[in-house]
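The structure appears below as structure tokens.
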Amino acid sequence: MPEFIGVTQTINDRNVALGGGIPSFGLRKQLLHSYGDIISISNLLAAWQEFEVGKSKKYDVVLFADRLMDNILALYTDLVNRTYIHGGYREFRINDPKPRLIHKASVRDRLLHHAVHRMLYPFFDRIFIFDSFSCRTNKGVRAAINRFRKCAHKVGRNHTRTVWVLKCDIRKFFANIDHEILLRILDYYIPDKRIVDLLENIIVSFSMTSGTSVGLPLGNLTSQLFSNIYLDRLDRWVKHQLKEKHYIRYADDFVFLSADRNYLLSLIPQVQHLLSCTLKLDLHPNKFFLKTIASGVDFLGWIHFSDHRVLRKVTKRRMTRKLAENFKPEVLQSYLGLLSHGNTFKLQETIKNQFWLGGTHMLMG
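To convert a position in the sequence shown, counted from 1, into this note's numbering, add 78.
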């Protein structure tokens, strides 16, 4: 967990519009950390300690670590003199589970990402709504699916009403994040414009298409935070304008739960309008649905029903394939912990027998 807890300043600013044109909905908070706090030697060293975890044997990390203080002092000097320029990216593909294009920055740049994240994350985490679950401390998939079950029980009044679920997905979310809108939002919360300039340096270092000002790289730690800041505009609109209690978002996937099917239908054009006009985003036309929870709702790797949930088959296959390819006891324990949150007793026993007792043959059933 980050060491620094950002100090906030509260300003009564009810009529000021947030970046992107969404009202502030009450009290405005601003980051009081300074540019000097972010670029300080102590913060850069602490960021290095966080960054190198699990990477100490990587060739580029070893090279940087061989002259660690020289490299940190050189980065610090560039930051102090405002001559720092973010470098380029190395591109590669992964399949997790679908093909994704990852862009990896240099060790020097990634170290700065951690230094920035350490100062900004605690502040913005306090601003985010409770029901945003991606890339946040003490949140994640497990918390999101448990929250989904709790909302379903409330809406269904302990199985006495039909629960309808509207699930939405944003089309090519990271690839379509608009730099100008993101910077306007950051500028609203951060009074030290040197910090905003530094964030702009990071943001504009990447674009999905040459000559455009859209897109964030999936490989940057800062992209995780920036994406939540960007969609906080959607979250606040849902909570403060729609007054919607039963809404859950994980990254670019989000759901609404209600006993009123027509109400959920009415939300679709409203959400699309908000995304399009405020954030220049669109709902994926083939990835949203409206159905009852009794029929099974696919959300975050699980199929959710009224009184239980089961692991999606493709999730099970991916899990067992990874164990077969590179078995590690700690990974198995992590998967078993995940499986404990659903109706998966037989699957847990099969996996334990397969990988603890019977070798590491791939389980594809």
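For every residue, glycine included, the Cβ atom is placed at its ideal position computed from N, Cα and C.
Relative to the C-alpha of Y167, which candidate in K182, H191, R160 has its C-alpha closest? K182
Out of curiosity, what's the CA-to-CA distance linking I263 and H191? 19 Å
Thinking I150 and I273 are a contact (beta carbons under 8 Å), I'd like their distance in whole angstroms, please. No, I150 and I273 are not in contact; Cβ-Cβ is about 19 Å, not under 8 Å.
CB of L342 within 8 Å of CB of H324, strictly: no
Give the single residue among L368, F208, V139, A124 whose Cα lies nearest to the Cα of R196. A124
Option in L378, I381, A372, F377 with minimal Cα separation from V233: A372
L179 and L153 - do their beta-carbons sit closer together than 8 Å? Taking the C-beta atoms as reference points, L179 is found no nearer than 8 Å to L153.
In terms of DSSP beta bridges, what is I326 paired with? For I326, DSSP records a beta bridge to V333.
Buried or exposed: where does F170 fall if 16 or more other Cβ atoms within 10 Å of its Cβ makes it buried? exposed
I'd like the span of the beta strand (DSSP E) that includes N173, first residue to last. 168 to 173
Within its chain, find whatever has a CB closer than 7 Å to the CB of L345; leave out the 5 residues flanking it on each side and keep chain order. L244, F334
Within the continuous beta strand (DSSP E) that includes V388, where are the two ends? 387 to 389
Does the beta-carbon distance from D256 to K358 come in below 8 Å? D256 is a Cβ neighbour of K358, given a cutoff of 8 Å.
So who's on the other strand from S67, going by DSSP bridges? No answer is possible for residue 67: it lies beyond the span of the chain, which begins at 79 and ends at 443.
In three-state terms, what does DSSP make of T370? strand
Can you give the Cα-Cα distance for D385 and V241, rounded to whole angstroms? Roughly 12 Å between the two C-alpha positions.
Let me confirm a value: L141 is counted as buried when at least 16 other C-beta atoms fall within 10 Å, else exposed. Which label applies? exposed
Given L146, which residues of its chain have a CB within under 8 Å of its CB, disregarding the five upstream and five downstream residues? Same-chain partners within the cutoff: W126.
Simplified DSSP assignment, three categories, for L264: If DSSP states are grouped into helix, strand and coil, L264 belongs with the helices.
V185 and V139 - do their beta-carbons sit closer together than 8 Å? yes
Ordered along the chain, which non-local residues of its own chain (more than five positions away) have a Cβ less than 6 Å from that of L276? none
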